[in-house]
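Peer 1:
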Amino acid sequence: MACLGFYFLIFIGLINHIVFTPKVATEKNRKGYPPLYNKFDSIFLRYVFRRVKDIFNRVVCGVPGAKIDIIDRVTHDSCWSFELLDTKSTFLNLGSYNYLGFAQSEGPCADDTKDIIKKYGWAVGSSRQELGTNNLHLELEQLTAAFLGVDDAIVFGMGFATNALNLPSIINSECLVLSDEYNHASVILGIRLSGATSVVYKHNGNGLLNIYKTNNLSS
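Residue 1 is where the sequence shown starts when you use UniProt numbering, and the numbers rise one by one after that.
#1: What's the gap between the Cα of Y47 and the Cα of S78?
#2: Taking Cβ positions, are G13 and I43 nearer each other than 7 Å?
#3: Would you identify the three-state DSSP class for S219, choosing helix, strand or coil?
#4: Keeping to the same chain, check which residues put their C-beta closer than 6 Å to that of S126; ignore five residues upstream and five downstream.
#5: May I have the straight-line CA-CA distance separating R128 from D112, to the nearest angstrom?
#6: So, at 7 Å on beta carbons, what are the nonlocal neighbours of I171 in its own chain, with the 5 sequence-adjacent residues on each side left out?
#7: DSSP three-state call for F6: helix, strand or coil?
#8: Could you give the DSSP three-state label for K114: helix, strand or coil?
#9: Opposite D152 in the DSSP bridges: which residues?
#10: Quick one: using the 10 Å Cβ neighbour count with 16 as the cut-off for buried, is L84 buried or exposed?
#11: For a test of the three-state rule: what should DSSP assign to K202, helix, strand or coil?
#12: Alpha carbon to alpha carbon, what distance is there between V150 and S219?
#13: What are the residues that DSSP puts in a beta bridge with K39?
Written out as structure tokens, the structure reads:
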């Protein structure tokens, strides 16, 4: 039903654009040049996006932690323009890398930061291969291994190059990798570079369990 309404808005917008073409969108003296404007973009922005524009580009006040404060606003011309109010509303934050609250000035992260810096310093200052390992890394690896029910685990800062280039040093062509279908492209590239055999299982399904049973991997 939502898709039907979406297509209906586009259809109505197209009719409006044909019948009531805005003069500002008419290009002149463009012979031999590519168009400056995309006709569909104009229709989408004026007749579809504008109707739901109120939920986008909101003004944030304060640090976006687990919850986020947004300045309230109203529109008097069907979302063509907005007027900011003197009030604000608090919402659950699901669209920020700070959802764990690391950047907040209060809470457990901020409260423990001072003592942690005194004990461990600002950073390890080196890669884990050199002088960058401390007992927190080892403790996290032990907890991760215990949670997964495996002998050991490796923890390091993640990034595209980290995943793609470190996996070939851990696995080789004689290894079998059970890979989630939604694994990041860096993980997939790392598996391919290693030459390992990869079996992809469905995300949040019984695929991994079925692979274990079918191939007798429980041991």
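No residue lacks a Cβ here, since even glycine has one placed at the ideal position from N, Cα and C.
Peer 2: Taking the geometry as given:
#1: 11 Å
#2: yes
#3: Only weak support exists for where S219 lies, its pLDDT of 49 falling under 50; the value from the coordinates is given anyway. Of the three classes helix, strand and coil, the one that applies to S219 here is coil, per DSSP.
#4: G132
#5: 24 Å
#6: V177, S194, A196
#7: helix
#8: helix
#9: Residue pairing from DSSP leaves D152 without any beta-bridge partner.
#10: exposed
#11: coil
#12: Reliability of the predicted coordinates at S219 is poor, the pLDDT of 49 falling under 50, and no value is obtained from them.
#13: Partner(s): none; K39 has no beta bridge.
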